[in-house]
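What follows is a set of notes on a single structure, which appears directly below.
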Amino acid sequence: MIEISNLFFNYQNKEVLKIKNLKLDTSKISILMGANGSGKSTFLRILKFLEGDFSKNISYFGNFKPNNKQKREIYLLFPEPILLNRSVRANFLFTLKTYGIKEDIEERIKESLMFLNLDESLLSKHPNELSSGQSQKIAFAIALSVRAKYYLLDEPSAFLDKNTTLLFKKAILKMHENFNTGFLIASHDKHFLDSLAQKKLYLHSGEILEFENTNVFELENQGVKFCNFIDFSNCKKYKDFKKPPSKIAIDPYKISFFNSKNIPKNNYDFILEKCYIIALRSRKSDVFIRVSCMDKILEFALEKQEFLRFDLKLYEELSLYFYEDAICFLN
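Residue numbers (our numbering): 990 to 1320.
Structural data, given as C-alpha cells:
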C-alpha cells in the first residue's frame, strides 16, 4: 500500500498537484486518467522519488523513509524506450544488476521475452538495429524481468499498434496473476485501460478523484441543471472554498437509484429525476449503469448480484439519489 496525505506540488508558480488523501493498493491494477498537462507524469515521477522530497507525505508499504531496496520495489516505465548503447542482453543484465537481482537471470529474461512474443535472437542486437516497436517491447520486457512489486507506466500504449497493445495488456495481466504485481497506468487510451482496470482514478485541477471523469459537471449558479435543478451551495464542502468552485464530481459508487419496485426508506440529500438507462457495462464484480438525464450523462455502479436482482433494462426510467459525501467540488 502507498498512502499519500497533503501532497502539494507547484511548477512555475502553478499548483500542479494537491492531493489531500489517497491510498494506492499496490496489489491492484489501477488506471490514472486526465487531460494533457493535468500532472499525471509528474505524479508518477514523484512516486518514483524523481521529483522533490515528499518523505513526510508518502508512505511506501508502511514506511515514510524507504531504504534503497524498498525504493527498487517501484519501477517507472517512461513513454519512450530508454536503452543503453549495448546489446539487448547487456541491457537486461545491467538493469537486473542495478535492481540487485542475482538469481534466475536467464529464466527472467526468457519469461519476459515470451510475455511480449519476442524472439531470443534479439538479445544479440543493439538498439540501433531494432525497429521502434521492437525497442518499446524490449524496454517493457526488461522492466518485467525485474518483477517489481509496483509498476508505474506512463502512456504505455502511446506509440503502439493494435497487436502490440494487446500483447502489453496480456503481459500486464500475466504479471498480476503470476506475481501479484500491481500497476498504476497513466494513459488517455480508454480502450487499453477499460479491460484492465480494477481501480479508476481521474486527475483534475491537481486533485485525484477515485473514479473516471464521466460524473464531472460544470457548476452554473452554484448548481447543475439535470431534469431538475440541484443547488449545491448549502453543502459544507462548498462553503469551505474561499473561491466558489467551478465544477462538481459525483462518485458513482455512492449513487443509489429507485424505481417503482424500489422506494428508498431513508431521506437523501439530492435526487435526480427522469434518468434513462442508455448503456450497461460489466467489470469484475460491478455493473456500471450509464444514464441520460436531460442533456447530462452520468454513471453509477451496482454490484452484479444487485443488478441481477433488480433486472434493470436499457431505456428504463430511474430516479437517482445521493448524499453530500458523494460529491467533490473542483476549481
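Virtual Cβ for every residue (Gly too), placed ideally from N, Cα, C.
Query raised in the report: Near K1017, which residues of its chain fall below 6 Å by C-beta distance, leaving aside the five closest residues on each side in sequence?
Result: Position 28 of the sequence shown, counted from the first residue, corresponds to residue 1017. Correct list, in chain order: G1171, Q1187 and K1188.
Query raised in the report: How should N1080 be labelled, buried or exposed, when 16 other C-beta atoms within 10 angstroms of its C-beta is the threshold for buried?
Result: By one-based count along the sequence shown, residue 1080 stands at place 91. Its Cβ being crowded by 16 or more others within 10 Å, N1080 is buried.
Query raised in the report: Just reading off the beta strand (DSSP E) that F1206 is part of, what are its end residues?
Result: Position 217 of the sequence shown, counted from the start, is the residue given in the question as residue 1206. For F1206, the enclosing beta strand (DSSP E) stretches over residues V1205 to E1207.
Query - Start-to-end residues for the alpha helix (DSSP H) that takes in F1129 - result: As a first step, residue 1129 is located in the sequence shown; it is residue number 140 there, counting from the start. For F1129, the enclosing alpha helix (DSSP H) stretches over residues S1121 to S1134.
Query - Proximity winner among L1192, F1318, C1224 and V1280, relative to E1306 (alpha-carbon distances) - result: Within the sequence shown, numbered from 1, the residue matching residue 1306 stands at position 317. Comparing alpha carbon positions, the residue from L1192, F1318, C1224 and V1280 closest to E1306 is V1280.
Report task. Using three-state DSSP, classify D1183 as helix, strand or coil. Result -> For this step, residue 1183 is matched to residue 194 along the sequence shown. DSSP places D1183 in helix when its eight states are reduced to three.
Requested in this report: Return the chain-ordered list of same chain residues with a C-beta closer than 6 Å to the C-beta of I1174, the five sequence neighbours on each side being excluded.
Outcome: The sequence position of residue 1174 within the sequence shown is 185, counting from 1. Counting only Cβ-Cβ distances below 6 Å, and skipping sequence neighbours, we find I1020 and L1142.
Query raised in the report: Over what stretch of residues does the alpha helix (DSSP H) that includes I1035 continue unbroken?
Result: Taking the sequence shown and counting its residues from 1, the one referred to as residue 1035 is at position 46. Residues K1029 to L1036.
Requested in this report: Using three-state DSSP, classify R1097 as helix, strand or coil.
Outcome: Translated into the one-based positions of the sequence shown, residue 1097 becomes position 108. Taken through DSSP and simplified to helix, strand or coil, R1097 comes out as helix.
Query raised in the report: Can S1222 and E1262 be called in contact, C-beta distance under 8 Å?
Result: On the sequence shown, position 233 is the one that residue 1222 refers to. On the sequence shown, position 273 is the one that residue 1262 refers to. No, the Cβ-Cβ distance between S1222 and E1262 is not below 8 Å.
**Report entry** DSSP three-state assignment for L1141, whether helix, strand or coil
**Finding:** Taking the first residue of the sequence shown as 1, we reach residue 1141 at position 152. The answer is strand: DSSP assigns L1141 an E or B state.
Query raised in the report: Is there contact between the segment 1190-1198 and the segment 1213-1222, where contact requires at least three CB pairs shorter than 8 Å?
Result: The segment 1190-1198 makes no contact with the segment 1213-1222: fewer than 3 CB pairs, one atom from each, lie closer than 8 Å.
Query raised in the report: Quick one: Cα of A1290 to Cα of N999, how far?
Result: The residue you call residue 1290 lines up with position 301 of the sequence shown. The residue you call residue 999 lines up with position 10 of the sequence shown. Going from the Cα of A1290 to the Cα of N999 covers about 34 Å.
Query raised in the report: If you count every other CB in all the chains shown that lies within 10 Å of the CB of L1073, and 16 or more means buried, which is it?
Result: Here residue 1073 refers to the residue found at position 84 of the sequence shown. Exposed: under 16 other Cβ atoms inside 10 Å.
Query raised in the report: Bridge partners of L1162, per DSSP?
Result: As a position in the sequence shown, residue 1162 is number 173, starting the count at 1. Paired residues: none, contrary to the question.
Requested in this report: Just tell me which of F1200, I1260, D1229 and K1099 has its CA closest to the CA of D1240.
Outcome: Locating residue 1240 in the sequence shown gives position 251, where the first residue counts as 1. When only C-alpha atoms are compared, the closest one is F1200.
Query - 3 or more residues per run - each beta strand (DSSP E) lying fully within the segment 1221-1298 - result: Correct list: 1236-1239, 1245-1247, 1259-1272, 1275-1282 and 1285-1292.
Query - For I993, the residue or residues it bridges with in DSSP - result: On the sequence shown, residue 993 is found 4 positions in, with the first residue counted as 1. Answer is L1011 and I1047, bridged to I993.
Requested in this report: Go through its chain and collect everything with a Cβ distance to S1027's Cβ below 7 Å, but skip five positions before and after it.
Outcome: Against the sequence shown, residue 1027 aligns to sequence position 38. Around S1027: L1192 and H1193.
Query - Own chain, CB closer than 8 Å to K1293, minus 5 neighbours either side, in chain order - result: Within the sequence shown, the letter at position 304 stands for residue 1293. Within the same chain, S1271, S1274, D1275 and V1276 come within 8 Å of K1293 by CB-CB distance, once the 5 residues on both sides are set aside.
Query raised in the report: Does DSSP put A1079 in a helix, a strand or coil?
Result: Indexing the sequence shown from 1 puts residue 1079 at position 90. Residue state, collapsed to three classes: helix.
Report task. Find the nearest neighbour of K1007 within the set L1013, K1086, D1014 and F997, judged by alpha-carbon distance. Result -> By 1-based counting over the sequence shown, the position of residue 1007 is 18. Closest in C-alpha terms to K1007, from the list L1013, K1086, D1014 and F997, comes F997.
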